[in-house]
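Letter by letter, the sequence shown follows residues 516 to 956 in our numbering.
Ideal Cβ positions, reconstructed from N, Cα and C, are used throughout, including at glycine.
Following: one structure in structure tokens, then a few remarks.
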Amino acid sequence: MTAQHILQLGQMLGLSCTELNANGDEQALPTTLITQALTDFGFTDELDVKLEEEIKQFWLRALPPVIVMDESAVIQFDLHLPIEFVTEDLIWEIRANQVVIETAEFTPIEWSLNGIYHLHDMEMQSYQISFEQPLAVGAYQFVILDQGSEEPLGESWIINPPATLTPTSAVTTITTTKALPTTEAVLSQLLTYTQPGLVVTVSTQLAQLQQQFNNDKAQTEFALTLKTIIAGAALQQTHLAQYLAAYTTDGLTASRQETQTVEWQDAHSDDYTFYLWLVVTANNALTGKSLLRDIDFAIDVANAGSFARWLLADYQLVHCQLVHCQLDNCQLDNVLASSTATGINSYQLRQDGYAAFRTLVDFTTMQSAGLVLNQPLSIMQQWLTIGDAGIWQNHEFNELLSIILLSCERHACACYYQTDAELPEALTAYLDARGVQQLSL
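Encoded structure:
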């Protein structure tokens, strides 16, 4: 593999593969340094094959994983399609909780051509599409369809964050807590909200409740309610239900990635449905932000089976630290920074529409009054130490911050950033304008 290929693959993963020399001219970093960084992300051999596959997947994906509207009513994106589709009248749909709320037709060839790529015997074309579509603050599914087909040509998530966060009550004191509830404690808290009158052991109560659930789900009225719950469940609720099903049936031997397969979901559908009903019912009965309250997510053997670690393990995010605090406050500490040489594969995380990151942030803001960005610059980039040298890894700052702001707005959770004299004035001004409040710890 040539040095140019190594450089290109590194850039695709967000690595800053160039630097300025003593004369102020840009030059490429040593290929050995870039190769080591790629190795830390799991790219250990056949880098030329990996690069070819990444480029292929980039062009085969019709839509970007995430589209941020960013304080405007304009939805703008690049659309990749085989040449036979570019003259067709296609359909775009915007969906909220699986329900179509906006739809229209468009013809790709009427828009600006961005580029062409030949994939074996197939020509792919890229068009820059934009249209005005006011949407309320929220997250929406965006789908491109061919006429008469139910199989999407492309799918994405539209993130429409608030221009400025709605002010919430200020938090003046932050007291961290290190308590990590066991899975049994988590289940106990869920059961408290669903069956408060039963005073028995968790295992006995779960068995009774699941037997009742199995009997009731055959009834027409309950079956309709259950169908509504499953269709409208939030992302963090579905992942938490999968986690609990994996814990009780497999002892957490099932990874998050495995639970997303059709085979696993078919084999565990009854357990998953039960726990999803349990989680949604408990959250609907919640009167305050206290459910699953105290979690310390750090590099600790005791936390190896935690929901957050399980959720993020596929994305090499297990080095970040998430701390819930007393007084209904939370600190999101170094969520995008690592104390080890291994950084976050934010490129891979993005390919899944930031599903794990969105779930983690929602899981936090849902139960906290405040969230602190301890190192705001780490949302932009982080330094990966490799031996005596290092390399910068860049993140999609606008996308990550938009996800955080949207989650805070939806769950009435304040958002703070730790003030630092070294923060660029432009960044502090931008955060202040978006309603992120300064906080000195």
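- Query: Taking the C-alpha atoms as reference points, what is the distance between L915 and Q519?
  - Reply: Position 400 of the sequence shown holds residue 915. Position 4 of the sequence shown holds residue 519. Each residue's alpha carbon lies about 29 Å from the other.
- Going straight from the alpha carbon of G905 to that of A797, what length do you get? The residue given as residue 905 occupies position 390 in the sequence shown. The residue given as residue 797 occupies position 282 in the sequence shown. Cα to Cα, the separation comes out at about 46 Å.
- Item | Collapsed DSSP secondary structure at V614 in the structure displayed | Along the sequence shown, one-based indexing puts residue 614 at 99. V614 falls in the strand class under three-state DSSP.
- Can you round the beta-carbon distance between L566 and L524 to whole angstroms, since I take them to be within the 8 Å contact cut? Your numbering for residue 566 matches position 51 in the sequence shown. Your numbering for residue 524 matches position 9 in the sequence shown. L566 to L524, Cβ: 4 Å. Contact.
- Which same chain residues, not among the five before or five after L605, have their C-beta less than 8 Å away from its C-beta? Along the sequence shown, one-based indexing puts residue 605 at 90. Excluding residues within five positions, the ones whose Cβ falls inside 8 Å are E620, F621, T622, P623, I659, L660, D661, Q662 and L668.
- Task: List the endpoints of the continuous beta strand (DSSP E) containing G653.
- Result: For the purposes of this step, residue 653 is identified with residue 138 of the sequence shown, where counting begins at 1. That run of the beta strand (DSSP E) goes G653 to L660.
- Message: Would the segment 669-684 count as touching the segment 577-589 if we require 3 or more Cβ pairs under 8 Å?
- Response: yes
- Residue interval of the alpha helix (DSSP H) (run including C963): This structure does not reach residue 963, given that the chain is present from 516 up to 956, and the question cannot be answered.
- Item | Spatial distance of Q952 from T774 (CA atoms) | Along the sequence shown, read from residue 1 onward, the residue named residue 952 stands at position 437. Along the sequence shown, read from residue 1 onward, the residue named residue 774 stands at position 259. Q952 and T774: Cα-Cα distance of roughly 38 Å.
- Per DSSP, what kind of secondary structure is T776 in: helix, strand or coil? Reading the sequence shown from its first residue, position 261 is the one you call residue 776. Note: T776 maps to coil in three-state DSSP.
- Does the Cβ of F878 have 16 or more other Cβ atoms within 10 Å, making it buried, or fewer, making it exposed? On the sequence shown, residue 878 is found 363 positions in, with the first residue counted as 1. Burial call: buried.
- Query: Name the DSSP beta bridge partners of D593, please?
  - Reply: Numbered from 1 along the sequence shown, position 78 holds the residue referred to as residue 593. Its beta-bridge partners are Q643.
- Compute the Euclidean distance between the alpha carbons of V614 and A654, then round it to the nearest angstrom. On the sequence shown, position 99 is the one that residue 614 refers to. On the sequence shown, position 139 is the one that residue 654 refers to. Looking at the two C-alpha atoms, the distance is approximately 13 Å.
- Query: How many whole angstroms separate the CB atoms of I631 and L594, which I take to be in contact at a CB cut-off of 8 Å?
  - Reply: The count along the sequence shown starts at 1 and reaches residue 631 at position 116. The count along the sequence shown starts at 1 and reaches residue 594 at position 79. Rounded, the Cβ-Cβ distance is 13 Å, inconsistent with contact.
- Query: Which of helix, strand or coil does DSSP assign to L851?
  - Reply: Counting from 1 along the sequence shown, the entry for residue 851 is found at position 336. Interpretation of L851 is limited by its pLDDT of 35, a score under 50 that renders its predicted location unreliable; no figure is taken from the coordinates.
- Query: So, helix, strand or coil for H520, using DSSP?
  - Reply: For the purposes of this step, residue 520 is taken as residue 5 along the sequence shown, with counting starting at 1. H520: helix per DSSP, three-state reduction.
- Message: For D563 and Q572, I'd like the C-alpha separation in whole angstroms.
- Response: Translated into the one-based positions of the sequence shown, residue 563 becomes position 48. Translated into the one-based positions of the sequence shown, residue 572 becomes position 57. Straight-line Cα distance between these residues: approximately 14 Å.
- Around the Cβ of E924, are there at least 16 other Cβ atoms within 10 angstroms (buried) or fewer (exposed)? By one-based count along the sequence shown, residue 924 stands at place 409. Counting Cβ neighbours within 10 Å, E924 comes out buried, since at least 16 surround it.
- Item | DSSP bridge partner residues for W907 (one or two, in chain order) | As a position in the sequence shown, residue 907 is number 392, starting the count at 1. Note: W907 sits in a beta bridge opposite W898.
- Terminal residues of the alpha helix (DSSP H) in which G747 lies: For the purposes of this step, residue 747 is taken as the residue at position 232 of the sequence shown. T735 to G747 is the span of the alpha helix (DSSP H), which, as asked, contains G747.
- Query: Could you give the residue range of the beta strand (DSSP E) that holds Y869?
  - Reply: If you number the sequence shown from 1, residue 869 lands on position 354. Where Y869 is concerned, there is no enclosing beta strand (DSSP E), given that its DSSP letter is neither H nor E.
- Q908 to A552 span [Cα, whole Å]: Here residue 908 corresponds to residue number 393 of the sequence shown, with the count starting at 1. Here residue 552 corresponds to residue number 37 of the sequence shown, with the count starting at 1. If I take the Cα positions, the gap works out to 9 Å.
- Message: Could you tell me the alpha carbon to alpha carbon distance between A852 and L739, rounded to whole angstroms?
- Response: The residue given as residue 852 occupies position 337 in the sequence shown. The residue given as residue 739 occupies position 224 in the sequence shown. Low confidence applies to A852: its pLDDT is 32, below 50, so where it sits in the model is not reliable, and the reading given next is rough at best. Going by the C-alpha atoms only, they are around 44 Å apart.
- Thinking C-alpha only, which one of L886, E940, I745 and Q757 is nearest A927? As a position in the sequence shown, residue 927 is number 412, starting the count at 1. Among L886, E940, I745 and Q757, the Cα nearest to that of A927 is on L886.
- Message: Considering only the alpha carbon of each residue, which of Q772, V652 and F600 lies closest to A577?
- Response: Taking the sequence shown and counting its residues from 1, one reaches residue 577 at position 62. Per the Cα distances, F600.
- Range covered by the beta strand (DSSP E) that runs through V887: Position 372 of the sequence shown holds residue 887. Run containing V887: G885 to L888, per the beta strand (DSSP E) assignment.
- Please confirm if the segment 751-770 is in contact with the segment 726-735, defined as three or more CB-CB distances below 8 Å between the two stretches. no
- Message: Among the candidates E911, F737 and V795, whose CA atom is the shortest distance from the CA of G868?
- Response: Locating residue 868 in the sequence shown gives position 353, where the first residue counts as 1. Ranking E911, F737 and V795 by Cα distance to G868 puts E911 first.
- When the Cα atoms are used, what is the spatial distance from F822 to L875? As a first step, residue 822 must be located in the sequence shown, where it is residue number 307. As a first step, residue 875 must be located in the sequence shown, where it is residue number 360. Roughly 9 Å between the two C-alpha positions.
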